[in-house]
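Asker:
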Amino acid sequence: MHLFNDTVANNIAYARTEEYSREQIEEAARMAYAMDFINKMDNGLDTIIGENGVMLSGGQRQRIAIARALLRNSPILILDEATSALDTESERAIQAALDELQKNRTSLVIAHRLSTIEQADEIVVVEDGRIVERGTHHDLLEHKGVYAQLHKMQFGE
Numbered sequence: 001m002h003l004f005n006d007t008v009a010n011n012i013a014y015a016r017t018e019e020y021s022r023e024q025i026e027e028a029a030r031m032a033y034a035m036d037f038i039n040k041m042d043n044g045l046d047t048i049i050g051e052n053g054v055m056l057s058g059g060q061r062q063r064i065a066i067a068r069a070l071l072r073n074s075p076i077l078i079l080d081e082a083t084s085a086l087d088t089e090s091e092r093a094i095q096a097a098l099d100e101l102q103k104n105r106t107s108l109v110i111a112h113r114l115s116t117i118e119q120a121d122e123i124v125v126v127e128d129g130r131i132v133e134r135g136t137h138h139d140l141l142e143h144k145g146v147y148a149q150l151h152k153m154q155f156g157e
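Just so we're aligned: 155 in full-length UniProt numbering is position 155 of the sequence shown, and the numbers increase by one with no gaps anywhere.
1) Tell me whether residue 20, by its Cβ, gets closer than 8 Å to a heavy atom of the ligand NAP.
2) In chain order, what residues of the same chain have a beta carbon less than 6 Å from the beta carbon of residue 52, not counting five sequence neighbours either side?
3) Am I right that residue 123 and residue 136 are in contact with their C-beta atoms under 8 Å? What's the rounded C-beta distance?
4) Using C-beta distances below 8 Å, list every residue in its chain close to residue 99, excluding the 5 sequence neighbours before and after it, in chain order.
5) In three-state terms, what does DSSP make of residue 99?
6) Measuring alpha carbon to alpha carbon, tell me which of 149, 24, 144 ends up nearest residue 71.
7) What distance in whole Å lies between the Cβ atoms of residue 6 and residue 48, which are believed to be in contact at a cut-off of 8 Å?
8) Just to confirm, is the Cβ distance from residue 93 to residue 64 under 9 Å?
9) Using only CA atoms, which one of 106, 61, 75 lies nearest to residue 12?
10) Could you give the distance in angstroms between the alpha-carbon of residue 145 and the alpha-carbon of residue 26?
11) Determine the direct distance from the alpha carbon of residue 80 to that of residue 152, and round the result to whole angstroms.
12) Roughly how many whole angstroms lie between the Cα atoms of residue 156 and residue 101?
13) Could you pull the start and end residues of the beta strand (DSSP E) that residue 135 belongs to?
14) What did DSSP end up calling residue 74 once you bin it into helix, strand or coil?
15) Between the Cα of residue 138 and the Cα atoms of 126, 127, 114, 130, which residue gives the shortest distance?
Below is the structure:
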């Protein structure tokens with residue numbers, strides 16, 4: 001996801017060609033848990049964030065991206081390593097936003113951090129380009145296969 005040398009509001013509204021109201025943009029930012037940091041900026045939603053969001057942290061950039069996706073409201077969502085570049089604290093802060101984003105739509109989530117997929121209806125485990133397991137989080141833990149080993153490594157359980 002690319003951010004532009006423009007305002008926070010325009011970066012969120014970049015999602016489509018139609019015009020969005022200020023209220024729609026604010027609602028998307030609120031649902032993405034971005035309004036707290038946006039409100040602390042000198043000009044709020046009208047703050048210029050620099051090319052590729054250089055003025056923002058990784059977690060803040062992710063939340064702007066989530067707000068953009070929420071505003072677009074597509075029926076299908078693809079997330080590719082959505083939290084991989086974040087520290088644990090930032091990941092926790094945006095996990096609720098990701099959960100909100102995935103509601104009522106088909107989502108394909110590519111992830112190494114298992115915390116981002118635990119609530120999935122179905123998890124497909126790929127190893128060396130082949131599907132080796134599939135099921136729910138609970139089922140895969142009980143199976144004690146590749147997924148359970150990854151879970152143990154990540155969570156020390």
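Positions of the beta carbon are idealized from the N, C-alpha and C atoms, including for glycine.
Note that the structure is a prediction, hence the values are computed from the model and not measured.
Answerer: With the structure as the only source:
1) Although the ligand NAP was asked about, the structure shown includes no ligands whatsoever.
2) 3
3) 7 Å
4) Take residue 99, set aside five residues on each side of it, and the residues of its chain with a beta-carbon closer than 8 Å to its own are 119, in chain order.
5) Helix.
6) Scanning 149, 24, 144 for the CA closest to the CA of residue 71 turns up 24.
7) 7 Å
8) no
9) 61
10) 44 Å
11) 22 Å
12) 29 Å
13) 130-135
14) Reduced to three states, the DSSP call for residue 74 is coil.
15) 114
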